[in-house]
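Chemist: Input: one structure, supplied below.
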Amino acid sequence: MSKTCLVVEDSRVIRRVTCTIMDGFGFKCIEAEHGQEAVEACEKEMPTVILLDWNMPVMSGIEFLRKLRSMPKGDTPKVIFCTTENDFSHIQEGMAAGANEYIMKPFDSDIIKSKLQLLGLIENT
Amino acid sequence: MKKEDFDLFADMVKKRSGLVLTSEKAYLLESRLMPVARKLGLKDLEELAASLRNKRDEKIMETITEAMTTNETFFFRDQKPFDQFRQVVLPHMLKVRANKKSLRIWSAASSTGQEAYSLAMILSEEAHKMPGWHTEIIGTDISHEVVEKAKAGLYNQFEVQRGLPVTMLVKYFQQKEDRWQISDKIRGMVQYRTMNLLEDWGPIGLFDIIFCRNVLIYFDQPTKSKILERQSQVLAPDGALFLGGAESVLGICDKFKSVESQRGIYIPTVCPADMWKAA
């Protein structure tokens, strides 16, 4: 079965860049503009990994994450926050809510690769 | 770049550090030395070469050598060697040093310190298995500048996101404005010092584990042999040497042998191989 990635991000440009990077690592990408759209996507099918922005309209990343972890099979996707919220307290809050990893923006493909390796989603080459 | 200028830089760097620069590395030399030339108020590498010929200034030679020998590294680089350290070598050491309760580790060519600090973080995670143990990690590098950076333990946002799990970041670092500093506890576990692998190592003592990863690849064969021979003299007979994935002792030094199914780990030839299986 192919690996899927849900990119939850309100910036279209960042969504596209992230999808291009993830595509290069062999993930089929699904896009969501905010947390609510992401909930709907997860209700249809749980992805392998979710790259999650924090600040978004309609439903924020942290609200989405709490909701996700309470959904049936909501514990299965690996969640990587990908945000400009780069301070210690946000990182702790995100991890406490159930994130598996945390990327501080700006990021590059090396950082995404490193996080995917740490979570065992791609091989360490 | 003129051939005589390239040769001048390459010869000097080789003499001082052992680093071999072949002509296909001219781009590397240019990209690394242009900032050095500008810093000295010189227009280009031709002027830098002329300045070197005229003055043989020690400070300029040191700056050029440092610029050429500084290599990128990151926390838990390649992951596998650190898993081997934690799951294979450390349990072995806990067994064979159970009475002595002492462990000395050398991170050779430690660059900006990520390798040595990664080892310190693992030892901290495993501390509950080592009550009363004395552990010492020594990081050495030819470059004074990177040794100072390693001592400070301050890293930018990119550096703490490559290889380092966020749980370790939260546990072992403090945020200092836009940078992250490794905790005093971890910093206190590592001593850094400037040392040229080609020169006198001084009273460095005997180590149980040596990490010398992705270092030998930069040297020519005789230099590799010389360094490995000397490392065999400062490694305990039941100790372990970690080399990089593209490095080997084969045909270079007969003082070490590989460990079955543990790629990258080498042990002194005098050590019985089954000692590791039993660990």
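Protein chains in written order, with our numbering: chain A, 1 to 125; chain B, 126 to 404. Cβ coordinates follow ideal geometry from the N, Cα and C atoms, glycine included.
#1: If you draw a straight line from the C-alpha of residue 302 of chain B to the C-alpha of residue 393 of chain B, how long is it?
#2: Just reading off the alpha helix (DSSP H) that residue 35 of chain A is part of, what are its end residues?
#3: At 7 Å on the CB atoms, spell out the chain B contacts of residue 118 of chain A, in chain order.
#4: For residue 364 of chain B versus residue 332 of chain B, is the C-beta spacing smaller than 8 Å?
#5: Measuring only the C-alpha atoms, how far is residue 278 of chain B from residue 312 of chain B?
#6: Is residue 114 of chain A close to chain B? Criterion is C-beta to C-beta, closer than 8 Å.
#7: Can you give the Cα-Cα distance for residue 327 of chain B and residue 142 of chain B, rounded to whole angstroms?
#8: Skipping 5 residues on each side, what residues in its chain have a beta carbon closer than 6 Å to that of residue 74 of chain A?
#9: Between the Cα of residue 169 of chain B and the Cα atoms of B/178, B/127, B/135 and B/159, which residue gives the shortest distance?
#10: Please check if any C-beta of chain A sits within less than 8 Å of the C-beta of residue 310 of chain B.
#11: Using the Cα positions of residue 11 of chain A and residue 151 of chain B, report the straight-line distance between them to the nearest angstrom.
#12: So is residue 252 of chain B buried or exposed if we call it buried at 16+ other beta carbons inside 10 Å?
#13: Going along the chain, which unbroken runs of the alpha helix (DSSP H) with 4 or more residues stay wholly within the segment 189-263 of chain B?
#14: Would DSSP call residue 104 of chain A helix, strand or coil?
#15: Taking 7 Å as the cut-off, is the CB of residue 116 of chain A close to at least one heavy atom of the ligand ADP?
#16: In chain B, what lies closer than 8 Å to residue 87 of chain A by C-beta?
#17: Below 6 Å CB to CB, which residues in the same chain sit around residue 396 of chain B once its five sequence neighbours on both sides are set aside?
#18: Can you tell me whether residue 269 of chain B is buried or exposed, with buried defined as 16 or more other CB within 10 angstroms of its CB?
#19: Just checking, does the segment 173-180 of chain B make contact with the segment 303-310 of chain B on the three C-beta pairs under 8 Å criterion?
#20: Listing by chain order, which chain A residues have their CB less than 8 Å from the CB of residue 205 of chain B?
#21: According to a CB-to-CB cut-off of less than 9 Å, which residues of the segment 270-288 of chain B neighbour chain A?
#22: Sorted by chain position, which residues of the same chain lie with C-beta nearer than 8 Å to residue 330 of chain B's C-beta, five sequence neighbours on each side aside?
#23: Where residue 344 of chain B and residue 89 of chain A are concerned, what is the direct C-alpha to C-alpha distance, given to the nearest angstrom?
#24: Run down chain A in chain order and give the residues with a C-beta less than 9 Å from the C-beta of residue 138 of chain B.
#25: Verify the CB distance criterion: does residue 9 of chain A have a CB-CB separation below 8 Å to chain B?
#26: Name the chain B residues that come within less than 7 Å of residue 62 of chain A, Cβ to Cβ?
#27: Assign residue 31 of chain A to one of three DSSP states: helix, strand, or coil.
#28: Inspect the CB distances between the segment 6-20 of chain A and the segment 50-59 of chain A and report whether three or more fall short of 8 Å.
#29: Check for me: the alpha helix (DSSP H) holding residue 24 of chain A runs from which residue to which?
#30: Would you mind stating whether residue 265 of chain B and residue 318 of chain B have Cβ atoms separated by less than 8 Å?
#31: Given that residue 110 of chain A touches chain B, what residues does it touch there, using C-beta distances under 7 Å?
#32: Name the two residues that bound the continuous alpha helix (DSSP H) containing residue 118 of chain A.
#33: With a Cβ-Cβ cutoff of 8 Å, do residue 100 of chain A and residue 205 of chain B count as a contact?
#34: If you draw a straight line from the C-alpha of residue 281 of chain B to the C-alpha of residue 390 of chain B, how long is it?
#35: Using the Cα positions of residue 96 of chain A and residue 291 of chain B, report the straight-line distance between them to the nearest angstrom.
#36: Would a check of beta-carbon distances place residue 36 of chain A closer than 8 Å to chain B?
Modeler: On the basis of the data shown:
#1: 46 Å
#2: 35-44
#3: 290
#4: yes
#5: 7 Å
#6: yes
#7: 17 Å
#8: 68
#9: B/159
#10: no
#11: 41 Å
#12: exposed
#13: 205-209, 215-221 and 239-250
#14: strand
#15: Within the structure as shown, the ligand ADP is missing, as the structure has no ligands at all.
#16: 300
#17: 362 and 363
#18: exposed
#19: no
#20: 124
#21: 282, 283, 285, 286, 287 and 288
#22: 229 and 359
#23: 45 Å
#24: Those within 9 Å of residue 138 of chain B in chain A number zero; the least Cβ separation is about 27 Å.
#25: no
#26: Simply none; closest approach about 15 Å.
#27: strand
#28: yes
#29: 12-24
#30: yes
#31: 287
#32: 109-118
#33: no
#34: 31 Å
#35: 12 Å
#36: no
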